[in-house]
């Protein structure tokens with residue numbers, strides 16, 4: 001016993017001193033890293049809004065305060081911004097948001113040297129520290145003052161505490177391991193213990209360890225722990241990463257060790273159809289496909305989807321595989337076949353007559369039938385079976401897409417327990433009262449919580465999902481870290497705003513703006529000087545197509561000068577035509593468009609062109625480039641990628657985006673003209689403003705929105721989910737290694 005204490009007491013003292021010295025240093029470095037990141041973030045925000053804020057403050061003195069407040073309110077949608085203020089050149093605080101701290105003051109005078117970095121500081125408030133940065137607002141050779149950006153640093157404290165806990169746990173684990181070995185080995189042989197410790201601390205040639213054989217497993221495990229902790233630290237923040245297809249491939253190879261990626265969705269990225277006796281390929285009108293297809297080209301994985309084309313069976317191999325894209329294969333498509341009864345019950349019935357209207361506040365009553373639910377379960381099992389068949393390893397990364405496959409995550413968790421299942425819900429998630437209308441609420445939630453990560457477009461959708469879980473399931477919810485413990489597993493609930501490929505392949509092949517304008521106007525029999533607005537949607541009642549038509553009618557009532565000079569071209573791709581609600585909606589839209597055209601049409605002029613056929617992607621890009629404005633009027637939408645596609649297509653930095661406030665995109669593109677599609681007069685005024693907007697203002701707005709798309713593209717969306725999956729896998733390995741080290745039998749001494 002005395003011999004054991006002679007080793008244990010110094011060990012405890014040394015580890016305690018080590019922890020006392022190291023933890024504060026690591027904590028200080030963490031805070032310094034985050035402060036530097038906040039400096040960069042404040043500079044990026046300042047540079048982005050500089051011109052717009054200058055115009056708001058300088059142009060109209062009589063309404064400046066209200067406009068600045070509105071401008072600041074839009075900026076405050078950023079979750080990490082705590083407050084905003086503006087100081088004039090005299091050092092007086094002239095504008096501020098509600099929570100602006102009294103202890104934050106204006107700098108003595110604005111910086112005059114543009115090369116200077118923005119001033120910044122960390123200020124302690126009762127609620128905790130905040131980061132304060134000052135950005136000079138200037139334009140036209142004049143300086144108006146300084147914008148003050150106050151960032152909430154509570155997340156820094158949370159991450160700092162998490163880091164300290166991790167280090168302390170690591171030190172405790174190391175101490176426990178060494179103490180255990182010390183007790184056993186010291187009792188057996190003093191000389192063996194000394195030699196073992198020397199072997200632990202000494203590295204031989206080429207990094208090999210000279211430890212005796214019985215300690216080699218411990219040495220290897222400790223080194224693995226250190227490597228895993230270092231990897232976890234490097235995965236913590238991707239704010240400075242430039243996301244490209246190459247970045248995504250490197251992420252898979254380095255952080256996920258080349259693990260296979262499988263995407264499973266109802267809709268397939270390429271549909272083979274028979275036309276005039278030949279097999280042709282069509283790309284479906286789908287935001288999901290728009291987002292995921294470039295990701296799969298970068299990942300080179302497998303996409304499991306429903307084969308819906310009438311020629312799909314003709315092109316697959318014996319295992320129902322086909323390599324895509326056609327002509328330049330980069331990944332594999334595995335098709336799942338459904339019977340007519342399965343498709344009617346699962347897709348048209350439960351998914352689109354039940355869950356779709358339930359999750360969209362579009363005033364259509366959801367319909368739930370037991371027979372549809374049975375088909376929904378059967379088809380989800382069929383998709384899960386296909387994924388398991390495609391998995392070549394026991395721990396693939398599986399991305400499950402949308403409300404049509406809500407039961408698949410749990411089925412995969414039962415069959416591939418080591419897999420990382422990332423489920424992304426592309427449509428809104430309603431409040432608990434609304435979702436509780438579904439008779440099988442608990443079954444759906446149980447299925448979704450088979451996911452490792454559950455992703456949504458917006459924080460409000462995450463909040464609604466957590467509230468629904470709290471209402472209907474017995475589970476443990478950690479709102480600080482957005483984790484849900486249920487059924488022995490943990491599901492992370494996170495916000496991942498989806499985006500598009502930027503810059504896109506189609507844009508690189510696009511026609512010049514002038515040529516596109518000429519071709520589109522000739523195709524739809526429009527004169528060259530006609531102002532053109534476009535809407536590109538599936539023919540769905542949630543897209544606000546009727547509301548857009550009424551806005552055009554009201555525009556011509558309020559501003560008759562646009563009669564004969566403006567046309568709205570609405571592309572409405574047919575969808576879910578078997579559902580009666582959609583049939584009635586198409587008829588209603590056609591009747592409304594004809595009535596408005598009869599009222600204002602003259603000499604061949606029609607204010608509304610309703611095109612109800614599928615348009616190929618390249619045709620849609622031509623429309624975006626030819627239009628003077630794009631009108632996105634969704635009544636309720638998860639994100640709506642049409643808005644982002646229009647912005648991406650305008651490399652001439654012209655055109656105006658009129659965007660519904662009920663889209664996720666409205667939170668990311670505040671430079672668009674944000675409207676309430678139910679408020680017809682507001683929409684009409686926005687159309688008038690868009691048609692009358694000077695080219696310089698169009699350029700400024702479009703430039704800012706394109707900058708957002710550049711930094712937040714679809715590769716970043718996928719990369720952040722995969723990074724989080726990699727982080728969870730690393731943590732699981734750390735826990736596994738610690739458990740194995742602590743509880744595995746000690747090797748027999750030789």
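Numbering (our numbering), first residue to last: 1 to 750.
Quick reminder that beta carbons are idealized off the backbone N, C-alpha and C, glycines included.
- Residue burial annotation: residue 49 is buried, with at least 16 other C-beta atoms found within 10 angstroms of its C-beta.
- Of the residues 82, 134, 570, 669, the one whose Cα lies closest to the Cα of residue 106 is 134.
- By the neighbour-count definition (other C-beta atoms within 10 Å, threshold 16), residue 339 is an exposed residue.
- The C-beta of residue 542 has 16 or more other C-beta atoms within 10 Å across all chains shown, which makes the residue buried.
- DSSP places residue 688 in the helix class (H, G or I) of the three-state scheme.
- Nearest to residue 100 by C-alpha distance, out of 76, 610, 178, 600, is 76.
- Here residue 456 has 425, 429, 462, 465, 495 as same chain residues with Cβ atoms under 7 Å from its own Cβ, once five neighbours each way along the sequence are excluded.
- In this structure, residue 717 lies near residue 498, with their beta-carbon atoms less than 8 Å apart.
- In this structure the region 404 to 412 touches the region 382 to 392; the number of beta carbon pairs closer than 8 Å is three or more.
- Counted as a single uninterrupted DSSP element, the stretch harbouring residue 592 is not any beta strand (DSSP E) but the alpha helix (DSSP H) occupying residues 580 to 600.
- In this structure, the alpha-carbon of residue 161 lies about 15 Å from that of residue 32.
- Distance between residue 96 and residue 121, taken at the CA atoms: about 18 Å.
- In this structure residue 326 is in contact with residue 270, their Cβ atoms being roughly 7 Å apart against a cut-off of 8 Å.
- By the C-beta density criterion, residue 574 is exposed, having fewer than 16 other C-beta atoms within 10 angstroms.
- In chain order, 409, 421, 423, 491 place their CB closer than 6 Å to the CB of residue 451, counting only its own chain and leaving out the 5 sequence neighbours on each side.
- The beta carbon of residue 531 sits closer than 6 Å to those of 565, 566, 628, 691, all from its chain and outside the five residues before and after it, given in chain order.
- Around the beta-carbon of residue 13, fewer than 16 other beta-carbon atoms lie within 10 Å, marking it exposed.
- Counting only runs of 4 or more residues that sit fully inside the region 633 to 681, the alpha helix (DSSP H) segments are 641 to 649, 665 to 668, in chain order.
- The Cβ-Cβ distance between residue 622 and residue 519 falls below 8 Å.
- If the five residues before and after residue 392 are omitted, its C-beta is found closer than 8 Å to the C-beta atoms of 260, all from its own chain and listed in chain order.
- For residue 431, same chain residues with a beta-carbon under 6 Å away, outside a window of 5 residues either side, are 464 in chain order.
- If you ignore the 5 residues before and after residue 585, its C-beta comes within less than 6 Å of the C-beta of 541, all in its own chain and listed in chain order.
- The DSSP assignment places 321 to 324, 331 to 336 as complete runs of the beta strand (DSSP E) inside the region 317 to 359, in order along the chain (cut-off: 3 residues).
- The beta carbon of residue 400 sits closer than 6 Å to the beta carbons of 264, 408, 409, 423 from its chain, once the five residues preceding and following it are set aside; these are given in chain order.
- The residues 576, 578, 579, in chain order, have a CB closer than 8 Å to that of residue 348 in the same chain once the five nearest residues on each side in sequence are set aside.
- The residue among 169, 350, 344, 274 with its C-alpha nearest the C-alpha of residue 310 is 274.
- Of the candidates 45, 145, 127, 437, the residue whose Cα lies closest to the Cα of residue 94 is 145.
- Nearest C-alpha to residue 129 among 470, 57, 150: 150.
- Per the C-alpha coordinates, the member of 568, 319, 552 positioned closest to residue 534 is 568.
- Only residues of its own chain outside the window of five on either side were considered, and among them 570, 593 have a CB closer than 6 Å to the CB of residue 610, listed in chain order.
- Residue range 81 to 88 is occupied by the beta strand (DSSP E) that includes residue 87.
- Every alpha helix (DSSP H) of 4 residues or more that sits fully in the region 260 to 320 is shown, in chain order, as 287 to 299, 312 to 315.
- If you draw a straight line from the Cα of residue 44 to the Cα of residue 679, it is about 34 Å long.
- Counting every other CB atom within 10 Å of its CB across the protein chains shown gives residue 681 a total below 16, marking it as exposed.
- Within the same chain, and ignoring the five residues on either side of residue 404 in sequence, the residues whose Cβ sits closer than 6 Å to its Cβ are 266, 351.
- Exposure of residue 509 is indicated by the presence of fewer than 16 other C-beta atoms within 10 angstroms of its C-beta.
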